[in-house]
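Number of protein chains: 2
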Amino acid sequence: MDPRIREHAAVIANHSVGLQEDDTVVIDAHPVAEDLVVALCEEIGDAGGKPLWTVNRAGKRANRAYLRAAGGEFETPEHELALIEETDVYIAVRAGPNATETSDVDPAVNTAYRTAYRPVMEERLDKRWCLTQFPAPGNAQLAEMSTEAYENFVWDAVNKDWADQRAHQEQLVEILDPADEVRIVSGEETDVTMSIAGNHAINDHGKFNLPGGEVFTAPVPDSVEGTVRFDMPLYHEGREVTDAYLKFEDGEVVAHEAGKNEAVLTEVLETDDGARRLGELGIGMNRDIDEFTYNMLFDEKMGDTVHMAVGRAYDETVGEDNEANDSSTHVDMIVDMSEDSFIEVDGERVQEDGTFVFEESED
Amino acid sequence: MDPRIREHAAVIANHSVGLQEDDTVVIDAHPVAEDLVVALCEEIGDAGGKPLWTVNRAGKRANRAYLRAAGGEFETPEHELALIEETDVYIAVRAGPNATETSDVDPAVNTAYRTAYRPVMEERLDKRWCLTQFPAPGNAQLAEMSTEAYENFVWDAVNKDWADQRAHQEQLVEILDPADEVRIVSGEETDVTMSIAGNHAINDHGKFNLPGGEVFTAPVPDSVEGTVRFDMPLYHEGREVTDAYLKFEDGEVVAHEAGKNEAVLTEVLETDDGARRLGELGIGMNRDIDEFTYNMLFDEKMGDTVHMAVGRAYDETVGEDNEANDSSTHVDMIVDMSEDSFIEVDGERVQEDGTFVFEESED
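Protein chains in written order, with the numbering used here: chain L, 1 to 363; chain R, 1001 to 1363.
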């Protein structure tokens, strides 16, 4: 077994979910990630926990077969809900031999299934949970990389000194958390300002998402003004949207366009009222993620990028007296900040062309 | 996908477990059986049920890693127990890439784990359940067959007209169920008689075991007299015992020997008092099972064979007023009845050299 797989398992066990004696653990992983499951079972055995390996939604061929046969009627799987209710730790491993395995499932069927499945999803978020990636060939293909190059990419991003990364990111948290206003400028088309007054900046250092590597907060919904050209592509339900452009007035998207698949962007924005307002501002800080791989778990943490999401805000980012943007969707879009770009916080430049003000003084 | 896999899934769904709308279903299967899981998920989708795919004890590498890391202390996995409690149907698929994957787990660890796991096992038996086999290469290797030959073997045995098989077997049930005494004679060393008075003959036609194909009952514990040479090998906890020989007086084994690994047989007989008495008499009637494959799920149903188990009797075979042989073990051993052999019931010959009396009149 590649020794980096055991490192990956140790990061999950010790850093992300903090395994304890007697923990009941569900590992949800496709069989292509079997090596990581084996390494996790060693960690769980060492810790005195109890593993159960499931291959449910992750079992893409089986899931596709089920969804196509079932048609459009679904109820919550009570047995799976009972399992998660009795579980202390939930570890989801993304990996599959074919990233487009469910591409011929009717989107309406998918939506109906997701709705019935939501109580299971929500129960998982009440546990000590972690979402991570195993570098399977199908995922490498989606990233347009060889399997070996993709393995290097994933394990460089995951097997880090997370205490160091946390300390590095904390410098930005200390700037953003007490701040009132953020302005983001990039190239000729992106110049947007928003209030984050009273909201919280969260340090994502690999606990729930592995890799982590961002600092994120919530804009005050009505405060967003200006324009953004998202120059990194967006993958939404299997379709690629390029060069998405949004214009905000009083927090609301009043105009939009895209290079490719503009209709997908329109569909997202028309989901509900909250889908036309920002729910998240995130700043990528994991410099080991240096390539765009069509995988938001990595892309949004890329160094030298900023992402904004239309739709639902994360509860933990919204201050007690502030409004949380509500929506049934949450779609992240990314701006490249490596050139001709800066971030201003309360009128002070905190990043220029991807370099933070506190990095200039680091060696 | 091999069309016989979808037939196999249909037999499980329609005949063995009788899938119903809203059924919650757990499929416990190693990934090498993914095709059968996919086909089962289609059946479950068609029926309006809800599948969950687990790879627990079946996930041999992961299970081995866990057991070796955990050492000897185990508690019942409450989350898995909660899952099974909320489940209507439990389908276990035997299959693995390496039949000896857990051979370097300390037997004491295995035993401790099995003890902690027993509540889960028992809960499964309270469900509509089925145990079946997928013809993976590792299982073919154990059977000393090519994968293709083993596929033919498994699907011939499984994808049968089970209504026909049930009717065929019912002829033997009608002979055995009201009978008092059975005598089994084979070659020069096997001549054993036993009472089955008041006990029930059960028609195993592929509901819980797939393949099925036997009629089985329980001897009255103290009634067994005579000698048996089990000329088919026995595989017990990874060790092969050949030519096991038992001598019974007043139902108890008073002498035993074996060609190879006699100590294993001794160990079995010394488990407890019940392990020295018979708990089952079974007569194999699945003529599509025509080879010994070191897999009791198949071997005990082989046509032209009889098996006897020392140890625990099955509740459903023991009449209300009769004693059920009790033991913590149940070990089946097989006699080849194809030559120089006969079965007598209440003094009448019902089988000679493998041919039943009712088969002579069948065309």
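Ideal placement from N, C-alpha and C gives every residue a C-beta, glycine not left out.
Supposed close pair residue i, residue j - CB separation, criterion 8 Å
i, j, result
"V1192/R", "V1228/R", "5 Å"
"H1079/R", "T76/L", "With a Cβ gap of about 17 Å, H1079/R and T76/L do not count as contacting."
"V1220/R", "I1196/R", "7 Å"
"V1335/R", "V1357/R", "Rounded, the Cβ-Cβ distance is 19 Å, inconsistent with contact."
"G48/L", "E21/L", "4 Å"
"G1206/R", "H1015/R", "6 Å"
"A1364/R", "G1072/R", "Residue 1364/R is absent from the structure shown; chain R starts at 1001 and stops at 1363."
Inter-residue spacing [alpha-carbon to alpha-carbon] between residue i and residue j
i, j, result
"N1098/R", "N152/L", "30 Å"
"M1296/R", "F298/L", "49 Å"
"S327/L", "Q169/L", "28 Å"
"A1263/R", "T1102/R", "21 Å"
"N1063/R", "R1057/R", "6 Å"
"G1284/R", "A1167/R", "15 Å"
"E270/L", "R276/L", "7 Å"
"E144/L", "Y150/L", "9 Å"
"A1039/R", "E1148/R", "20 Å"
"M333/L", "Y294/L", "11 Å"
"I12/L", "G18/L", "8 Å"
"A1309/R", "T1242/R", "15 Å"
"F248/L", "V37/L", "45 Å"
"G1187/R", "W1053/R", "48 Å"
"D1363/R", "H30/L", "Reliability fails at D1363/R, whose pLDDT of 48 lies under 50, so the model's placement of it is uncertain and no value is given."
"G226/L", "L125/L", "34 Å"
"A1116/R", "P51/L", "13 Å"
"E43/L", "V89/L", "13 Å"
"L1081/R", "D1204/R", "28 Å"
"D353/L", "E344/L", "12 Å"
"P1119/R", "A1112/R", "13 Å"
"R287/L", "D2/L", "23 Å"
"G282/L", "M302/L", "11 Å"
"T1132/R", "V1154/R", "10 Å"
Selection from the options that minimises the alpha carbon distance to residue i
i, options, result
"E1181/R", "E1189/R, T1217/R, E1188/R and D1164/R", "T1217/R"
"D106/L", "A65/L, L176/L and Q351/L", "A65/L"
"L67/L", "P211/L, N110/L and V93/L", "N110/L"
"T329/L", "E280/L, W129/L, F292/L and F342/L", "E280/L"
"V1093/R", "T1087/R, Y1113/R, D1104/R and C1130/R", "C1130/R"
"P1211/R", "V1350/R, D1346/R, F1248/R and W1162/R", "W1162/R"
"L265/L", "E237/L, D250/L, H30/L and F292/L", "E237/L"
"F1134/R", "A1095/R, V1120/R, A1140/R and D1164/R", "A1095/R"
"D104/L", "A33/L, A69/L, Y117/L and D88/L", "A69/L"
"F1230/R", "A1108/R, M1001/R and G1259/R", "G1259/R"
"D1177/R", "D1164/R, A1157/R and H1200/R", "H1200/R"
Cβ of residue i within 8 Å of any chain R Cβ
i, result
"T87/L", "yes"
"V38/L", "yes"
"D363/L", "With a pLDDT of 48 at D363/L, under the threshold of 50, the modelled position of that residue is not reliable, and the figure given next carries that caveat. It does not; no Cβ of chain R falls within 8 Å."
"T24/L", "yes"
"A136/L", "no"
"A140/L", "no"
"L19/L", "no"
"E123/L", "no"
"D2/L", "no"
Short CB-CB distance (under 8 Å) between residue i and chain L
i, result
"W1129/R", "no"
"T1054/R", "yes"
"E1080/R", "yes"
"D1126/R", "no"
"K1050/R", "yes"
"P1178/R", "no"
"E1148/R", "no"
"L1269/R", "no"
"R1061/R", "yes"
Any non-hydrogen atom of the ligand FAD closer than 7 Å to residue i Cβ
i, result
"N159/L", "Inclusion of the ligand FAD in the displayed structure is not the case, the ligand content being empty and no account of it being possible."
| task | Note down, in chain order, all residues in the stretch 1004-1015 of chain R with a beta-carbon under 9 Å from any beta-carbon belonging to chain L. | result | Result list empty, no residue passes.
| task | Return the residues of the stretch 107-119 of chain L that lie within a Cβ-Cβ distance of less than 8 Å from chain R, sorted by chain order. | result | none
| query | Listed in chain order, which residues of the stretch 1088-1106 of chain R have Cβ atoms closer than 7 Å to some Cβ of chain L? | reply | none
| request: Check each residue of the stretch 1205-1224 of chain R: if its Cβ is closer than 9 Å to any Cβ of chain L, include it; give the result in chain order. | output: Those residues of the stretch 1205-1224 of chain R that come within reach of chain L (Cβ to Cβ, closer than 9 Å) do not exist; the list is empty.
| field | chain L contacts made by the stretch 1272-1296 of chain R, where a contact means CB separation under 7 Å | value | none
| request: Compile a chain-ordered list of the residues in the stretch 1233-1263 of chain R whose CB is closer than 9 Å to at least one CB of chain L. | output: none
| said: Against chain R, which members of the stretch 63-75 of chain L pass a CB distance test of less than 9 Å? | reply: N63, R64, A65, Y66, L67, R68, A69, A70, G71, E73, F74 and E75
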